[in-house]
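There are 2 protein chains.
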Amino acid sequence: MKKPVRIAIAGLGTVGAGTIRLLHEHKDLIELRCGRPVVVVAVSARDRSRDRGVSLDGFTWFDDPALMAAEAEAEVVVELIGGSDGPAKAVCLAAIAHGRHVVTANKALLAHYGADLARAAESRGVALAYEAAVAGGIPIIKALREGLAGNRISRVYGILNGTCNYILTTMRQTGRDFADVLSEAMKLGYAESDPSFDIDGIDTAHKLAILASVAFGTPVAFGDVFIEGIRHISAMDISYAEELGYRIKLLGIARLTEHGIEQRVHPCMVPLATAIARVDGVFNAVVAEGDFVGRSVYEGRGAGAGATASAVVADIIDIACGRFVPTFGLPVGAMRPLPPSPVERRRGAYYIRLMVVDRPGVFADIAAALRDEQVSMESVLQRRRAPGESVPVVVTIHDTDEASMRRALARIGGLPAMVEPPHLIRIETL
Amino acid sequence: MKKPVRIAIAGLGTVGAGTIRLLHEHKDLIELRCGRPVVVVAVSARDRSRDRGVSLDGFTWFDDPALMAAEAEAEVVVELIGGSDGPAKAVCLAAIAHGRHVVTANKALLAHYGADLARAAESRGVALAYEAAVAGGIPIIKALREGLAGNRISRVYGILNGTCNYILTTMRQTGRDFADVLSEAMKLGYAESDPSFDIDGIDTAHKLAILASVAFGTPVAFGDVFIEGIRHISAMDISYAEELGYRIKLLGIARLTEHGIEQRVHPCMVPLATAIARVDGVFNAVVAEGDFVGRSVYEGRGAGAGATASAVVADIIDIACGRFVPTFGLPVGAMRPLPPSPVERRRGAYYIRLMVVDRPGVFADIAAALRDEQVSMESVLQRRRAPGESVPVVVTIHDTDEASMRRALARIGGLPAMVEPPHLIRIETL
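The structure is reproduced here in structure tokens:
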């Protein structure tokens, strides 16, 4: 029997336990694929005594994960602690420094330090693999780095956060409002006790920055991502979206433009006829557009122990088989930094919902504000009349640039009839 | 500069020309990915003088592709001739015999000789790569062999033939009948001058047999695939499908059952709410279900020069980077032959359309025939009355086994009121 591949795992939450379970349950299959056994030799977590539903017998326990990464006799260190700093980063750096391959599910870490870690891994000649960091079980990193390797990618976008997609789907299906659905999701364990990373779009932005780096061969530039979450989406917006033939999805969109790389995360209205509009609940989906391959779509579970463990183990098998790919698909020295193209340069359609006092002349003022910024309306919906009371006026805007749109909204926001600040959702025809 | 990777290409149809164009246009990107240049050194095709829109200057010309595979100084031979026998097979065998890696887009060859070729490649230590053979630009072979490598796959299915999907989509959109849409597709070049491989389901079956082998780790067993094409699908069936909430798609379905491997290709009614129902025109889609990852869906262009070249070049880059995977994901010796589970064992729902003379008692006879085989109806549609004339009676059947269904249909087919043999379409709830 050939020498086994020895694995050390830092972090034994649901994904860590799921990885141990997968490696155990499919031991024979994995050995066949790798030509040698894959064995866990060491683990580290905060609490040794917690019941995780998997046996830790035979694994060397480390209280300090970075010490484990340095000292355990392992070829591969799997980092499943999470968080962009602190122990997760220390584990990865220690593993690399000691010439061990790293497999991680940590999108925050890669979004913040991806370029540095890639350089460190490259200089030590070890792999830094992170299929599990983006879109869970969907092998999208492999698709972009290898499957579409012959293409210039012009755009990559998708639904990258299952919590937001679950909330938006439930809001649509039940007609309930955001706060209500969020608190239920927290009770059910579909949202974290501090859900802000998810619902404010940060998690999606982490994943988008990684996808953009791989797709365009540029260093990860998380700081350049425009981020808007879903807190402001109301049941009313969701209902108007349906009426207009759209679904509201939180998308991460990265695009190679003549001005540089555009990266933005925000709720979008997408046409019902698109594949992405139909991706519901906790599922994720990524669309990649390449110059030779055209459009390709990847859909699957974006989170959960099983799907994430599937991605972690795929990375382990690749490493065990000696299949090596540069961290972001190109050697670090070949990555081209490109300027960011800010969201203000976006040109597209918009949905705006205005809560106004229903009195004569209000709509004329709105129309004038739009006209003064050369923004032209495509449609107007005003569902009910209620003289003297607050009513919604919904306007869709056909192809204009974001800067003009914002100037027009600033004007409209200043009109005396406005009861709330204007609500804006970008329409993406995709 | 490092030694280039030298490529010989056999077959210069649209895919061959597309591959040359891709390798040329993205020369720099590919060199960055591989760490060395990738250069075409030799080509072979039937007609040297034909204008293919790409320059062949600098390539050594061979009239005999097998001779090229044997003698050209190339590490990789790309076989794009097509066909399950003859020159394509000779090229692959010659390349392997001379220790050269093979990249092929040839599903017929792999469906018929995949196991033999894999054994030959393994014993010579060369790669046999065929991403382009299944679902064109979609990296589904990579997803199954590597991305989902830690999973036991229980089912893989999909829309694998763009010609059939184009015909079925157009029939639905225009209400026109099969023969009419097919002849138009042939005029437009969307269908071959001899379209039988596509419309009779053979091409889908080739691809399905390959997918099943990779998914389940069994030797390719094309001979075990149940195959039924789309010639018998009428505009009337498509219209009834819509009415019942389904779309008709030609699917290839492979499933690991307790009795062995089920492989079948036939038109299916799939619920409108499924992702696969919405895949229209020339697009392909594959769904893979793994025990850890759950359901994942892959969609993209299934044919065409660009998409197929994208897959060919991805394989070339993998080989140039030294990334090696056993042909069907496992060493040949580890593949488990499993018995075929015939379509007669299928248990599921059915749509049957009966053309009957509209006279009293006909429906009672039909109902009795179904009852006698313990087949229970779910719904009955009879759109119009026309006493004494031929009218359609549509019956949907809830979960029964194929053998009972067939016996019931044999009984029904023998009823005196039947004007045509019964039409059957399987309903797949997926």
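From first to last, the protein sequence lines stand for chains A and B. Under my numbering, the first residue of the first sequence is numbered 1204, with each subsequent residue one higher. Under my numbering, the first residue of the second sequence is numbered 1204, with each subsequent residue one higher. Idealized CB from N, CA, C, for every residue including glycine. Keep in mind it's a predicted model, so treat the numbers as computed, not measured.
1. Measure the Cβ-Cβ separation of B:Phe1527 and B:Arg1504 and say whether it is below 8 Å.
2. Starting from the beta carbon of B:Lys1345, find every residue of chain A whose beta carbon is closer than 7 Å, and list them in chain order.
3. Taking 8 Å as the CB-CB limit, is B:Gly1328 close to chain A?
4. Would A:Gln1466 pass as a contact of A:Ala1415 if the rule is Cβ separation under 8 Å?
5. At the level of alpha carbons, what is the spacing between B:Arg1322 and B:Gly1455?
6. List the residues of chain B whose Cβ lies closer than 8 Å to the Cβ of A:Gly1484, in chain order.
7. Look at the alpha carbon of A:Val1146 and the alpha carbon of B:Val1598, and state the distance between them as a whole number of angstroms.
8. Can you tell me whether B:Ile1519 is helix, strand or coil according to DSSP?
9. Taking the beta carbon of B:Pro1595 as the centre, do at least 16 other beta carbons fall within 10 Å, making it buried, or is it exposed?
10. Tell me, which residues are paired with B:Thr1217 by DSSP?
11. Counting only Cβ pairs nearer than 9 Å, list the residues of chain A close to B:Ile1520.
12. For the segment 1505-1517 of chain A, which residues have a beta carbon sitting closer than 7 Å to at least one beta carbon of chain B?
13. In whole angstroms, give me the CA-to-CA distance for B:Ala1308 and B:Glu1282.
14. Using the beta-carbon count (16 or more within 10 Å), is A:Leu1391 buried or exposed?
15. Identify every residue that forms a DSSP beta bridge with B:Pro1474.
16. Kindly list, in the order they appear in chain A, the residues whose Cβ is closer than 9 Å to that of B:His1229.
17. Measure how close the beta-carbons of B:Ser1513 and B:Gly1340 come, nearest whole angstrom, since I'm counting them as under 8 Å.
18. Does the separation of the CB atoms of A:Asn1368 and A:Leu1447 fall below 8 Å?
19. Would B:Arg1303 count as contacting chain A if we go by Cβ distances under 8 Å?
20. Mind pulling the alpha helix (DSSP H) runs of 4 or more residues that sit fully within the segment 1263-1349 of chain B?
21. Strictly under 8 Å for the Cβ-Cβ distance: is A:Gly1532 near chain B by that measure?
22. Tell me which same chain residues have a C-beta within less than 8 Å of the C-beta of B:Pro1290, skipping the five on either side of it?
23. Please classify A:Val1490 as buried or exposed, where buried requires at least 16 neighbouring CB atoms within 10 angstroms.
24. Mind checking A:Thr1372: buried by the 16 CB within 10 Å criterion, or exposed?
25. DSSP puts B:Thr1599 in a beta bridge; with which residues?
26. Applying a beta-carbon distance threshold of less than 9 Å, which residues of chain B neighbour A:Gly1617?
27. For the beta strand (DSSP E) containing A:Tyr1369, list its first residue and its last residue.
28. For B:Asn1487, which residues does DSSP report across the bridge?
29. What residues from chain A crowd round B:Ala1457, counting only those whose CB sits closer than 7 Å?
30. Pick from B:Cys1524, B:Ser1326 and B:Glu1274: whose alpha carbon is nearest that of B:Ala1235?
31. How long is the line joining the alpha carbons of A:Leu1232 and A:Val1241, rounded to whole angstroms?
32. If we cut at 8 Å on Cβ distances, does B:Arg1526 have a partner in chain A?
33. Give the single residue among B:Asp1483, B:Ala1324, B:Val1515 and B:Val1496 whose Cα lies nearest to the Cα of A:Val1516.
34. Could you check whether A:Ala1272 and A:Val1306 sit closer than 8 Å to each other, using their CB atoms as the reference points?
35. May I have the straight-line CA-CA distance separating B:Asp1602 from B:Ala1552, to the nearest angstrom?
36. What's the gap between the Cα of B:Leu1296 and the Cα of B:Pro1624?
So, to answer that:
1. Here residue 1527 of chain B corresponds to residue number 324 of the second sequence, with the count starting at 1. Here residue 1504 of chain B corresponds to residue number 301 of the second sequence, with the count starting at 1. It is not a contact, given that the beta carbons lie outside the stated cut-off.
2. Your numbering for residue 1345 of chain B matches position 142 in the second sequence. Those are Lys1345, Glu1349 and Gly1350, listed as they occur along chain A.
3. The residue labelled residue 1328 of chain B in the question sits at position 125 within the second sequence. It does not: the Cβ of B:Gly1328 has no partner Cβ on chain A nearer than 8 Å.
4. As a working note, residue 1466 of chain A is residue 263 in the first sequence. As a working note, residue 1415 of chain A is residue 212 in the first sequence. Going by C-beta atoms, A:Gln1466 is nearer than 8 Å to A:Ala1415.
5. As a working note, residue 1322 of chain B is residue 119 in the second sequence. As a working note, residue 1455 of chain B is residue 252 in the second sequence. The straight-line gap from Cα to Cα measures roughly 26 Å.
6. In the first sequence, counting from the first residue as 1, residue 1484 of chain A sits at position 281. None at all; the shortest Cβ gap to chain B is about 12 Å.
7. Chain A is shown from 1204 up to 1633; residue 1146 of chain A falls before or after that span and cannot be answered.
8. Numbered from its first residue, the second sequence carries residue 1519 of chain B at position 316. Assigned with DSSP and collapsed to three states, B:Ile1519 falls in helix.
9. In the second sequence, the residue the question calls residue 1595 of chain B occupies position 392. Buried, by the Cβ-count rule.
10. Taking the second sequence and counting its residues from 1, one reaches residue 1217 of chain B at position 14. Beta-bridge pairing links B:Thr1217 to no other residue.
11. For this step, residue 1520 of chain B is matched to residue 317 along the second sequence. Going along chain A in sequence order, the residues near B:Ile1520 (Cβ under 9 Å) are Glu1349, Ala1352 and Gly1353.
12. Taking 7 Å as the Cβ-Cβ cut-off against chain B, the residues of the segment 1505-1517 of chain A that qualify are Gly1509, Ala1510, Ala1512, Ser1513, Val1516 and Ala1517.
13. Here residue 1308 of chain B is taken as the residue at index 105 of the second sequence, counted from 1. Here residue 1282 of chain B is taken as the residue at index 79 of the second sequence, counted from 1. Cα-Cα distance, rounded: 7 Å.
14. Counting from one through the first sequence, the residue named residue 1391 of chain A turns up at place 188. The residue in question, A:Leu1391, is exposed, as its Cβ has fewer than 16 Cβ neighbours within 10 Å.
15. Looking up residue 1474 of chain B in the second sequence gives position 271. B:Pro1474 pairs with B:Tyr1449.
16. Indexing the second sequence from 1 puts residue 1229 of chain B at position 26. In chain order, Gly1353, Asn1354, Arg1355, Asp1494 and Phe1495 make up the part of chain A whose C-beta sits under 9 Å from the C-beta of B:His1229.
17. Taking the first residue of the second sequence as position 1, residue 1513 of chain B is located at position 310. Taking the first residue of the second sequence as position 1, residue 1340 of chain B is located at position 137. In this structure B:Ser1513 touches B:Gly1340 by the C-beta definition: roughly 5 Å separates them, less than 8 Å.
18. Translated into positions along the first sequence, residue 1368 of chain A becomes position 165. Translated into positions along the first sequence, residue 1447 of chain A becomes position 244. No. Outside cutoff.
19. Residue mapping note: residue 1303 of chain B aligns to position 100 of the second sequence, counting from 1. No, no contact with chain A.
20. Complete alpha helix (DSSP H) runs here, min 4: 1268-1274, 1289-1300 and 1310-1327.
21. Residue numbering aside, residue 1532 of chain A sits at position 329 when the first sequence is read from its first letter. For A:Gly1532, the answer is yes, since a Cβ of chain B falls inside 8 Å of its Cβ.
22. As a first step, residue 1290 of chain B must be located in the second sequence, where it is residue number 87. Only residues of its own chain outside the window of five on either side were considered, and among them Ala1213, Pro1268, Ala1269 and Ile1284 have a CB closer than 8 Å to the CB of B:Pro1290, listed in chain order.
23. Here residue 1490 of chain A refers to the residue found at position 287 when the first sequence is read from its first residue. It is buried - the Cβ of A:Val1490 has at least 16 other Cβ atoms within 10 Å.
24. As a first step, residue 1372 of chain A must be located in the first sequence, where it is residue number 169. A:Thr1372 is buried by the Cβ-count criterion.
25. Locating residue 1599 of chain B in the second sequence gives position 396, counting from the first residue. Paired residues: B:Tyr1554 and B:Ser1582.
26. Taking the first sequence and counting its residues from 1, the one referred to as residue 1617 of chain A is at position 414. Near A:Gly1617 there are no residues of chain B at all, since even the closest Cβ is about 44 Å away, more than 9 Å.
27. Indexing the first sequence from 1 puts residue 1369 of chain A at position 166. Judged by DSSP secondary structure, A:Tyr1369 falls outside any beta strand (DSSP E) and instead within the alpha helix (DSSP H) spanning Gly1365 to Thr1377.
28. Position 284 of the second sequence, counted from the first residue, corresponds to residue 1487 of chain B. Answer is B:Gly1503.
29. Taking the second sequence and counting its residues from 1, the one referred to as residue 1457 of chain B is at position 254. Within 7 Å Cβ-Cβ: nothing; B:Ala1457 doesn't reach chain A, min ~18 Å.
30. As a first step, residue 1235 of chain B is located in the second sequence; it is residue number 32 there, counting from the start. Here residue 1235 of chain B turns out to be Leu, not Ala, going by the sequence shown. Looking only at B:Cys1524, B:Ser1326 and B:Glu1274, the smallest Cα-Cα distance to B:Leu1235 is reached by B:Cys1524.
31. For the purposes of this step, residue 1232 of chain A is taken as residue 29 along the first sequence, with counting starting at 1. For the purposes of this step, residue 1241 of chain A is taken as residue 38 along the first sequence, with counting starting at 1. Whole-angstrom Cα-Cα distance: 10 Å.
32. Here the question's residue 1526 of chain B lines up with position 323 in the second sequence. Chain A, which has a Cβ nearer than 8 Å to the Cβ of B:Arg1526, makes this yes.
33. The residue given as residue 1516 of chain A occupies position 313 in the first sequence. Checking every option, the nearest Cα to that of A:Val1516 belongs to B:Val1496.
34. Numbered from its first residue, the first sequence carries residue 1306 of chain A at position 103. Numbered from its first residue, the first sequence carries residue 1272 of chain A at position 69. With a cutoff of 8 Å on beta-carbon distance, A:Val1306 and A:Ala1272 are scored as not near each other.
35. If you number the second sequence from 1, residue 1602 of chain B lands on position 399. If you number the second sequence from 1, residue 1552 of chain B lands on position 349. One Cα belongs to B:Asp1602, the other to B:Ala1552, and the distance between them is close to 5 Å.
36. Working through the second sequence from its first residue, we reach residue 1296 of chain B at position 93. Working through the second sequence from its first residue, we reach residue 1624 of chain B at position 421. Using only the alpha carbons, I get a separation of about 46 Å.
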